[in-house]
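To start, the structure itself, in structure tokens.
Numbering (the numbering used here), first residue to last: 460 to 1493.
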């Protein structure tokens, strides 16, 4: 046989088996020899006999009998299998056996009864210890004449049989590192198939409202494992299902792994899915429940089930009795929700390895075995027969919740999950649109059935229009609700913050010398020359014949000039009234003191007889040295200023485990040094550590990360992990609140001089390589993220930008793609990065929203009014509606206007007098549609006048426009009222045009075209006289 056998693994494992046998614990103490016989049966998937063969040799050997005696081991097999087993049987004096008995190989004769071989084995059994009892796996019964004749021989000898399944299972349950690696790979493949195929498929089914049978969906999952893209690079021939996937919904649930998916159609309620994938003979398992529009009661029960699993993971540690862990979880359920105890599954999982379910190591109240480090379990817990009180249909009334994971037992820490598929309610809940809209759709469908084919399209169009109007109205209603809450919330917050005023920091007083003894005794000082004391950063100057020290911090600037025979040195000092710099202010420790503003010294350029040097040399040297000392001082001050306000971080706790999540060959932004350097990012117990190839280290703690963002390489030239921090950290002598790690996935520059041909083989090959590289990098980053989220128990969650919701804009100098995530609005591919936390946003205002303009600006106002507003310029106007929809779904108030506002002045006004601002209507001045009083409208115009001072003509035009708007809107309402029920049977072009114009006005797209159209309409269809503005507002 050309197949290799892992000798080292065989000797390690056979030695473990024999050492446990010699301890003579439990059933091992009752047997004199162990007999393992394997026949041929295609229907048997899991058997202890085949499992022990796979464990020892890495392969199943059919029609093979193994006899383990006290002093020898006998294998009876066919000639090919004997050749394979010779790899461990024939060794020089069995030196590698490490005390394990020698192996005797017997070749099976096909034509004979094998009586001679059987006799030799029976003789060996008789010679082992007392030779009376044999250990067997009593559940394993293989068919065929060969196995029958061997079993008859054993029975004829009168040997007592003892079932040793449990003790052998316990021996094999603790996995070696190689086995753990295979099980982790199996768990990773299961997670990939579930996330990328099954979950996506269910979403498609729900979205398209398809009718799919459970059994068909299970078959499609089985077919998916033949596709390499779901296997994380594994060879499909090494991958198989542990059992057919079990999908259940619609009130029929059995929370076991022995059931099969029925032929009922999938019901959009609680959908349980159990699947397990076997990789190179090692099993894994995963159970999840997807919920479509779950009611609050179902969500609460599901969240409680997650807490129960968390409690179970805490209990499962090395040395803990299985029954104790089970009872602790049961007590937890009794204490928290006693009514769910009867609904809980009878066991909470089982040990897993080569066999999917180890019957002797089930997590229940009776099992006395202790858990050991390195065991791998499949935990599965659920609540069955739960009642949905809000159910209307029969299949909705009963539901079940079922979750499960593959886990590894650790020494002291809680068990580690190997299937890191997210299971929080936001990850498994599928939330559809409101019931009202569904009812409307149902009504529409009924109407369509009643109508003839010719009228269907018209009815459908009318129905769609009605639905779209409803969605817009809902958005408006929601925005009104947000507006009323906004002012109340802001007023309350400002009241609480009242009195917490920022204390302006006084400028640090720099003292040159604390006492006279520190003054230098240099010759230059005695000779009334300028002397620079570098140690104390002080310039000692003669003033009225007295050596006077000035600290370098007091000197603003110096200049030197040569005029004729003299050199002049002019020194300017900082004094009250002179600017110290943009941020420092003009605060002095003692502003009432007398200050020197400037001093000018003059020295001759002519050398007098007897002098060693020209007198002006002193001024020239002073100029040069003062410049040097000033530069050094300013650099140090800048560094200290960077460090100001830096919150001291905890120390990083290094995890010495080699299996830490790690990404190599990454670049860091901003750079640590002048040139960019590669390095590796590793996740430890409480934070990340980036180590560059040069040895520089940057630590980022999990508790200091506000947003962790993963930007995939889809449509980008780099793949990025970005961390937006709560408190700034220092590296490269600067403070940073944004740190990112990235790698390039393609050529960022293109050689334009190269002749390119569409069928150029090199180019096609390069494109293919780039595609493969992108896929490989994406998988590596996703794997790293999943491991980190598991390590932190999902306390740190990575946000992935929604590219579909992205829009172009220029937050800085260049235009980039801004993409929303679940909690922020970001662009992390350009530098500097742009990250806005949605929880910190008070409202969003759109400026320059007009028909004739192709783009508009977005202003983000923060809840902290002292924080400068964020501007995003040049957003395309076709992005306006999608942005509104997104903001509305995030419960963020938005407003819009045609002008640009002076936000610096507005925010200063609010901060100076918040009470006055809210008394005048607060933020309603931004919203032309607000239902405020006349005073609010006045305050709005005052604010705009004060800020921009538009001309009187423009004001008059705006008033005319607004009057016309009120008039025409009233006409619309009057006319629509007169039409009455005619709307039901479809609308003519005039009405549709009227509605479109009205919708445009409501969105505040006002221009001259509108005004012209409005006047034309008045000529065509006169109506009642327009009401006054007062009536309009009531």
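Using N, Cα and C, we set each Cβ at its ideal position, and we do this for glycine too.
Since we're looking at a predicted model, the values are computed, not measured.
Residue pairing of residue 731 in beta bridges, as defined by DSSP: 707 and 748. Rounded to the nearest angstrom, the Cβ distance from residue 1306 to residue 1359 is 5 Å, consistent with a contact under 8 Å. Here the stretch 819-834 makes no contact with the stretch 682-698; the two share fewer than three CB pairs at distances below 8 Å. Judged by DSSP in its simplified three-state form, residue 716 adopts coil rather than helix or strand. With a cutoff of 8 Å on beta-carbon distance, residue 857 and residue 710 are scored as near each other. In this model, residue 840 and residue 1126 are separated by some 43 Å (Cα to Cα).
DSSP, reduced to helix, strand and coil, places residue 738 within a strand of the structure shown. A contact between stretches requires three or more CB pairs, one per stretch, nearer than 8 Å, and the stretch 873-884 meets this requirement with the stretch 1241-1250. If one requires a minimum length of 4 residues, the alpha helix (DSSP H) runs lying completely within the stretch 610-647 are 624-632, in chain order. In the DSSP assignment, residue 578 falls outside any beta strand (DSSP E) and within the unbroken alpha helix (DSSP H) covering 574-586.
When rounded, the separation of the alpha-carbon atoms in residue 1128 and residue 1235 is 22 Å. The Cβ atoms of residue 755 and residue 884 lie no closer than 8 Å to each other. In summary, residue 1110 is exposed, with fewer than 16 beta-carbon neighbours lying within 10 Å of its beta-carbon over all protein chains present. Just so you know, the alpha carbons of residue 729 and residue 663 end up roughly 16 Å apart. Annotated three-state conformation of residue 1123 is strand, per DSSP. Between the alpha carbons of residue 886 and residue 547 lies a gap of roughly 50 Å.
In the DSSP secondary-structure assignment, residue 875 is bridged to 867. In the three-state reduction of the DSSP assignment, residue 1205 falls in the coil class, being assigned neither a helical nor a strand state. Check the Cα spacing between residue 512 and each of 600, 740, 736 and 636: the tightest is with 740.
Within the same chain, Cβ atoms closer than 7 Å to the Cβ of residue 627 are found at 507 and 511, the five residues on either side in sequence being excluded. Secondary structure of residue 504 (DSSP, three-state): coil. Under the three-state reduction of DSSP output, residue 1455 falls in the helix class. A residue is called buried when at least 16 other Cβ atoms come within 10 angstroms of its Cβ; residue 1053 does not meet this threshold and is exposed. No residue range can be given for residue 1112, since it is assigned to no beta strand (DSSP E) and is classified by DSSP as neither H nor E. Contact fails between the stretch 729-738 and the stretch 827-835, because fewer than three Cβ pairs, one in each stretch, are under 8 Å apart. Rounded to the nearest angstrom, the Cβ distance from residue 606 to residue 743 is 31 Å, too far for a contact under 8 Å. Checking the DSSP bridge columns, you'll see residue 1022 partnered with 1025. With at least 16 other beta carbons inside 10 angstroms of its own, residue 1270 counts as buried.
Only buried fits residue 1201, as 16 or more other CB atoms lie within 10 angstroms of its CB. Between residue 515 and residue 525, the alpha-carbon positions lie close to 12 Å from each other.
By the Cβ test, the stretch 669-679 is in contact with the stretch 698-717, since at least three Cβ pairs between them sit closer than 8 Å. By the criterion of at least three beta-carbon pairs nearer than 8 Å, the stretch 465-485 is not in contact with the stretch 570-586. The beta carbons of residue 652 and residue 684 sit closer together than 8 Å. In the pairwise beta carbon analysis, the stretch 968-983 is classified as touching the stretch 1001-1014: at least three pairs are separated by under 8 Å.
DSSP places residue 977 in the helix class (H, G or I) of the three-state scheme. The count of Cβ pairs closer than 8 Å, one atom from the stretch 618-635 and one from the stretch 589-602, reaches three, so the stretches are in contact.
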